Amino acid sequence: ENNDCSNPEAAFCDSTISGNNNNGNSSFNSYSGVPRQHLAKEYIYSFVPNTTGLITIDLTMLSNNLSLILLSDCNPNSVIASSTNLSTNAENIMANVTSGVQYYIVVDGEAAIDLSSFELRIGCMDPCQAPLSINCGDFISGSTFGMQNYYNKHGARNGWNGPDIVYEFSTTGGMTTID
């Protein structure tokens, strides 16, 4: 199956897709503002968010060096954001998008031999827009396993870059303690 701008695979908010750039084409060799050439086959996804705001795109489970690039048009000069970590390190993008507007997500390798299977995750809900409510005196126990990582690129302390859950609470005044 060939995949290019005329035949991109559809991607959706809050989904996980298993893919392989070996099924793509070699249409783009460089991207505006993105370091290094990308000579491998790229796999292109068409993405129309159903919400306006912050999204996260994660590229994981790599066996070769792949990059993740978000485009406003299927053109290598329309880069919105990119992640070009070396080796098989995961790639992560955070970007603001507009509901109903078409974007393109590109998975590409730097060297011609950089072909790999991968897992692409798209998270479209900012947890601050739908926090979990708790009341004074509530004891919360749980896990962030399977949650998105929204805040690791916003000045979080070194090592505080795991999945997140956001809670909200109101106080009636006086002293509030959070343990």
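Residues in the sequence shown are numbered consecutively from 54, following my numbering.
Virtual Cβ for every residue (Gly too), placed ideally from N, Cα, C.
This structure is a prediction, so every number in the text was calculated from the model and none was measured.
Cα-Cα separation, residue i to residue j
i, j, result
"serine 136", "asparagine 188", "39 Å"
"phenylalanine 100", "aspartate 126", "11 Å"
"alanine 63", "glutamate 172", "15 Å"
"serine 170", "glutamate 144", "14 Å"
"methionine 147", "threonine 225", "35 Å"
"asparagine 149", "isoleucine 122", "14 Å"
"serine 120", "isoleucine 231", "40 Å"
"asparagine 138", "isoleucine 70", "20 Å"
"alanine 209", "valine 219", "Because alanine 209 carries a pLDDT of 48, less than 50, the predicted location of this residue cannot be relied on, and the following value inherits that uncertainty. Near 14 Å, if we compare the C-alpha coordinates of valine 219 and alanine 209."
Residue range of the beta strand (DSSP E) that includes residue i
i, result
"asparagine 73", "68-73"
"aspartate 126", "First-last for aspartate 126: undefined, no H or E at that position."
"threonine 113", "106-113"
"phenylalanine 100", "96-100"
Three-state class that DSSP yields for residue i in the structure shown
i, result
"asparagine 138", "coil"
"asparagine 145", "strand"
"asparagine 76", "helix"
"isoleucine 231", "coil"
"alanine 64", "strand"
"serine 89", "The identity of residue 89 in the sequence shown is arginine, whereas the question assumes serine. The answer is coil: DSSP assigns arginine 89 none of H, G, I, E or B."
Integer-rounded CB distance, given that residue j should sit under 8 Å from residue i
i, j, result
"valine 132", "glycine 86", "5 Å"
"serine 39", "histidine 91", "Past the edges of the chain, shown from 54 to 232, lies residue 39, and the structure says nothing about it."
"aspartate 57", "asparagine 78", "5 Å"
"tyrosine 156", "proline 61", "With 8 Å as the limit, tyrosine 156 and proline 61 do not qualify as a contact, their Cβ atoms being about 10 Å apart."
The ligand FMN heavy atom lying under 7 Å from the CB of residue i
i, result
"glutamate 95", "The model depicted lacks the ligand FMN and carries no ligand whatsoever."
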